[in-house]
Structure formats: C-alpha cells, structure tokens
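Participant: Per our numbering, residue 495 is the first one in the sequence shown, and the count goes up by one each step.
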Amino acid sequence: MKAISEMTKSILCGLLAVTTVITCADAQKINFKANKAILQAINNDYKVADAQYKLMAKELEPGKYPKTYYPATGKFETSQSGWWCSGFYPGTLFYLYQATKDTALLNEANRALDSLAKEQYNHSTHDLGFMMYCSFGNAQKIEPSAKYKQILINSAKSLASRFDPKVGCIKSWDSKKPEYLVIIDNMMNLELLFWATHVTGDSTFYKIAVTHANTTMKNHFRADYSSYHVVNYNPTTGAVQLKRTQQGYANESAWARGQAWGLYGYTVMYRETHDKKYLEQAEHIAHFILTNPTLPKDKIPYWDYNVPDIPNALRDASAGAVMASAFLELCKYSAKNGREYFNTAETIICNLSKPPYLATTGTNGGFILQHSVGSLPQHSEVDVPLTYADYYFIEALNRYKNITHSK
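Here it is as structure tokens:
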C-alpha cells in the first residue's frame, strides 16, 4: 500500500472525525429503554454461554477451531485456522469476557489467537474480516497492543490484494474458469478495511471498501432489494456474466442469511462513511425482510424466504442472530424506522434466548444456539449449531445492553 500525502491524510482524518460526531448525534435521536424481562434473559444467556464455551474449550485440540456439532451422532467437528469461521470462536470468547469478566474466557480467547495469527498473510480468501477482525479486532479493543495492530494491518493488506479495479470488487471465490466470483457475504469483511484506514491514514483501504460496496449495491440486488448470493463477473471487462444463489433454494430466491449479510454490511457502510445512500440501502433491505409474508412472528427466518415447504421448512438461527445485531445498530441511525428495528431485535433476542434455539447447558457440543443452516443445497451443516450464530447472538446481547445503557 502506498502511503497518502500528509495533506490527504489530514483531510481524511478530519472527515472521519466529523462522521463520528454526526453518527453519535444520530444515535441519540431515539431513547431506547431496556425491557426488564429481556435483560433477565440476557443475563441467563451469558451464564449458559459461559458454561458452554468452557465445555467446548475442553474438546479442542491445539490449533483446532470449532465448526459444528451433530446432535444425532454426537460428532464435534473442528477446522484448521484457514477455515472462514476460525475467528468466531475467539471473537465470541472476547465478547463474553466483556460481559462476564470471567478471566478463564479471556485466557482461552488469547490461546486461540496463537494458531490464527499466521492467517494475516493469507491471500487466498476474502473472509479475513470474519477470521481476523472478529478475533484480533475484538482482542485489540480489550487489550490493545502493537502486535495485534500490526496483525490486523497485515490482514487488511491481504484482503485488499484480492481487489480488482476492473471489476470494482474483492474476489470471493477463486476459480479456474474465466470468471470473477463475488458473494454478498463479502460485505461483512469491509469493516476490517475501514479500521485499517482509521489507524494507518491510508485511504486505499477505505476506497476499496466503498468501491466494493457500490458495485455490490449496483449488481447484487433485485428491484425488491432482495439479494442474489453470487455475481459472476467477466474478469477481463468487469461485465456481469451471471447471477445466482448457491446456498439458497433457487437462483431467484432470497437466501435468508444472505439478506442478513447485506443488512449488516450496509449498516456498517453508513456508520463508516455517513453516506445516506448506504442508510437507504440498509433500510430497503430491512423493509424487504420485515414485510416479507414468510417471515415468522418470532422473526427467526426460514433458511430461504422462498422455499416452498414453509411453514415446515427449517429455520436459520444464524440469520436471526445476524439480523438482531444489525438491527441494534441500524436503529440508532434511522429516525423513521429505528423503533421498529429495535423492537424487532428485542423479539429475536427473546426467542433465541429460549427453546428450541437456546441449548441446555452441557449439551449441543458446547455451542450456545441450536438450529442453524449452513448450506442446505450442498447438504452441509444442516440444522446444526454454527460458530457465527453464536458470535452474532452474543454481539447482539452486548449491543442491546450498550444501547439501553444497562449493566
């Protein structure tokens, strides 16, 4: 990365400072009050999560990260550090430590970082935001260090290396065919790039994130603001070759977690740029979700909004958790719809905090939530616990307490 001039750096930092002030002002437009019953549920959730992750820690071999658990067979599945979900385990532990101050969780989180650090130089994946910012980013907030800072900067450089200006996007999946594949999930990795600009003053990261978001906004969304999962670009010209939905029911269906990724991603885009078009995009996605006739009353979506076997289709707790966390940030920025977003997040938290979603202590392989769907069409991780469901659930709990100023 080329360092920008001192004048440009000064202007950029000034803009970022103004953005922060304005965003904080927006956050104060609505006074969000905590529901006592939900606070009680959250406190119980923390106790369950604390016990569950201590149980999970006992099952992990050095260098391994939790992936899922199969209740029918009792199989606990793990991954290496290069798996896209590796950062969620330490990230969840850091979040839990923030809430509980249990140092055993902090020690385990730090242990899990050791084998993950080498991924800072991984140029083969677009998921470095998930892997490194959810882990080392959380660590840096709790125990700031020059080591963590450099790991995150290197991770941002590795992520930025996958950007192609001809396409205007960060490549998601590598392919031997003449195609450049970009998935909606990639919106979740841009936060790492914004962080890198904040700490280095190098606007290159910022510009890549904005360009990727703009290209995605142009090509990934339908007229009703539902999103395709995958857009296939021509790597030479940047033209769109094909749009499809690999992990959803059909190419033209709305895969539930994909809609949640978009909601969360464009909320972050507004926070970091204060460009109203991103707020409007997030609100449009929220409208699609909240007015969808197949969204259940408990707000935990079916794995795809268009799957034909509703109401017998599987639910996806991971999509619900991501939605809850996203709504708890978006509600601060939307004067018009903020109350509805907050209330929706409360409903999701309330329902994830009890059966059938919240696991009983000592079960579920140590995972907190049950009933998520990874990729049903590929018969992968179907109706099982998933690390990112846990991560965004705990993030949502923390955000609820913060936004309501609850202890």
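We treat Cβ as the ideally placed atom computed from N, Cα and C, and that holds for glycine. Model, not experiment: these values are computed from the prediction.
With burial defined as no fewer than 16 other Cβ atoms inside 10 Å of the residue's Cβ, what is the status of Lys-665: buried or exposed?
Facilitator: buried
Participant: Assuming contact is defined by CB atoms lying nearer than 7 Å, are Ser-866 and Leu-880 in contact in what I supplied?
Facilitator: In contact: Ser-866 and Leu-880 (Cβ atoms closer than 7 Å).
Participant: Report the CB separation of Tyr-563 from Glu-555 in whole angstroms; it is logged as a contact under 8 Å.
Facilitator: Contact flag wrong, Cβ pair sits at about 15 Å.
Participant: What does the Cβ neighbour count give for Gln-872, buried or exposed, with the cut at 16 atoms within 10 Å?
Facilitator: exposed
Participant: Do Gly-732 and Val-816 count as a contact pair if the criterion is CB distance below 7 Å?
Facilitator: no
Participant: Can you have a look at Pro-584 and say buried or exposed, based on whether 16 or more other CB atoms are within 10 angstroms of its CB?
Facilitator: buried
Participant: Do you know whose CA, among Ser-819, Ile-862, Gly-742, lies nearest Asn-538's CA?
Facilitator: Distances from the alpha-carbon of Asn-538 to those of Ser-819, Ile-862, Gly-742 put Ile-862 closest.
Participant: Closest Cβ-Cβ distance between Asn-892 and chain B: below 7 Å?
Facilitator: Among the chains in the structure shown there is no chain B, since it carries only a single protein chain.
Participant: Assign Glu-673 to one of three DSSP states: helix, strand, or coil.
Facilitator: coil
Participant: Excluding the five sequence neighbours on either side, which residues of its own chain have a C-beta within less than 6 Å of the C-beta of Tyr-445, listed in chain order?
Facilitator: Outside the displayed range of the chain (495 to 901) lies residue 445, so it cannot be described from this structure.
Participant: Can Leu-653 and Leu-622 be called in contact, C-beta distance under 7 Å?
Facilitator: Yes, Cβ-Cβ distance for Leu-653 and Leu-622 is below 7 Å.
Participant: What does a CB cutoff of less than 7 Å around Ala-703 pick up in its chain, not counting 5 residues either side in sequence?
Facilitator: Leu-684, Leu-687, Phe-688
Participant: Taking only three categories from DSSP, how would you classify Arg-809?
Facilitator: strand
Participant: Alpha carbon to alpha carbon, how far is Met-495 from Arg-656?
Facilitator: Low per-residue confidence applies at Met-495: pLDDT is 43, beneath 50, and the placement is therefore not dependable enough to give any value.
Participant: Tell me the DSSP secondary structure of Ile-664 in three-state form.
Facilitator: DSSP places Ile-664 in strand when its eight states are reduced to three.
Participant: How is the alpha helix (DSSP H) around Glu-553 delimited, first residue to last?
Facilitator: 530–553
Participant: With DSSP as the reference, please indicate the residues paired to Tyr-796 in a beta bridge.
Facilitator: For Tyr-796, which the question treats as bridged, DSSP gives the partners Arg-809.
Participant: Compute the Euclidean distance between the alpha carbons of Cys-518 and Glu-766, then round it to the nearest angstrom.
Facilitator: With a pLDDT of only 42 at Cys-518, under the threshold of 50, the placement of this residue in the model should not be trusted, and no figure is reported.
Participant: Between which two residues does the beta strand (DSSP E) holding Phe-957 run?
Facilitator: Given that the chain is displayed from residue 495 to residue 901, the structure contains no residue 957 and the question cannot be resolved.
Participant: DSSP three-state label for Phe-861, please.
Facilitator: The answer is coil: DSSP assigns Phe-861 none of H, G, I, E or B.
Participant: Whose C-alpha, out of Lys-552, Leu-824, Met-625, Met-550, is nearest the C-alpha of Trp-577?
Facilitator: Comparing C-alpha distances from Trp-577 to each of Lys-552, Leu-824, Met-625, Met-550 shows the shortest one belongs to Met-625.
Participant: Output the distance between the C-alpha atoms of His-706 and Cys-663, rounded to the nearest integer angstrom.
Facilitator: 4 Å
Participant: How do the stretch 785–801 and the stretch 728–748 stand: do at least 3 beta-carbon pairs fall below 8 Å, yes or no?
Facilitator: With contact defined as three or more Cβ pairs closer than 8 Å, the stretch 785–801 and the stretch 728–748 are in contact.
Participant: Buried or exposed: Lys-830, going by 16 or more other Cβ atoms within 10 Å of its Cβ?
Facilitator: exposed
Participant: Evaluate His-617 with the Cβ neighbour count: other Cβ atoms within 10 Å of its Cβ, from every protein chain shown; 16 or more gives buried, anything less gives exposed.
Facilitator: exposed
Participant: If distances are taken between C-alpha atoms only, which option among Lys-771, Asp-544, Thr-854, Pro-849 comes closest to Lys-595?
Facilitator: Asp-544
Participant: What is the DSSP secondary structure of Asp-907, reduced to helix, strand or coil?
Facilitator: This structure cannot speak to residue 907, because the chain is shown only from 495 to 901.
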